[in-house]
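full-length UniProt numbering puts the first residue of the sequence shown at 1, with every later residue one more than the last.
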Amino acid sequence: MRDIDLSAAQWRKSSRSGGNGGNCVECCFDFLESDSLIYVRDSKDPNGPALRFTRDEFIAFTEGVKNGEFDL
């Protein structure tokens, strides 16, 4: 996969993320019109790496979270 410059991306954090000590992730949707990927990064390290997911992968992950598939 090619390297993407995410410096101009508009990152979003959940409105529910406040007050938990900064343990948040930020997402960037539709960064490029030709790019149907979702990027996820650690809000405490905005210059660090970002994970890249297809829409289907991201939907499967969020559905798994909602269904408790990753509960410890």
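We treat Cβ as the ideally placed atom computed from N, Cα and C, and that holds for glycine.
Since we're looking at a predicted model, the values are computed, not measured.
Of the candidates Gly68, Arg16, Phe61, Glu69, Phe61 places its Cα closest to the Cα of isoleucine 38. Straight through space, the alpha carbons of valine 40 and phenylalanine 29 are spaced by roughly 9 Å. With a beta-carbon spacing of about 6 Å, valine 25 and aspartate 42 fall inside the 8 Å limit used to define contacts.
Counting of Cβ neighbours within 10 angstroms places alanine 50 among the buried residues, the total reaching 16 or more.
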